[in-house]
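What follows is one structure encoded as structure tokens, with my remarks underneath.
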Amino acid sequence: MDGTLCMLGIPDRYEPEAMALLLGYKRLSASGSAGRTRTREMLEFAAGHGITADVERVPAREVGRALEGLSRNDVRWRFVLDLADLSWPARVRRRFAA
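Quick note on numbering: the working numbering labels position 40 of the sequence shown as 185, and the sequence is numbered without any gaps.
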């Protein structure tokens with residue numbers, strides 16, 4: 146198997162297995178932050194090529210459950226916090242109305 150693992154952000158620690166990188170054609174790359182322009186380009190590329198992410202949408206009222214899972218390192222997908230179940234002041238709702 147060949148490919149590239151690109152890590153965005155700065156993890157506390159990451160220790161890849163050297164032999165796993167040596168066998169086949171594998172690359173490891175990283176970026177602390179891609180910036181808005183590069184992030185937009187990446188999202189457009191992904192959309193154009195049918196590349197998607199596995200996510201778990203978590204209602205805001207269940208954020209505690211999500212944080213507990215993170216603290217136990219018991220997470221399979223990226224969490225997306227869904228704020229739709231929150232009550233927002235009218236001035237905020239007007240600002241973000243479609």
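Just so it is clear, CB atoms sit at the ideal spot from N, CA and C, and this is done for glycine as well.
Query                                                                                                   : Result
Rounded C-alpha distance that separates glutamate 160 from proline 234                                  : 46 Å
The alpha helix (DSSP H) enclosing glycine 195, as first and last residue numbers                       : Here glycine 195 belongs to no alpha helix (DSSP H), and DSSP marks it neither H nor E.
The beta strand (DSSP E) enclosing glutamate 201, as first and last residue numbers                     : 200 to 204
Residue(s) in a DSSP beta bridge with valine 225                                                        : Arg202
Meets three-Cβ-pair contact criterion under 8 Å: the region 193 to 206 and the region 215 to 233        : yes
DSSP bridge partner residues for serine 174 (one or two, in chain order)                                : Cys151
Segment contact, 8 Å Cβ cut-off, at least three pairs: the region 208 to 218 with the region 182 to 196 : no
Between the CA atoms of serine 176 and methionine 152 - distance to the nearest angstrom                : 6 Å
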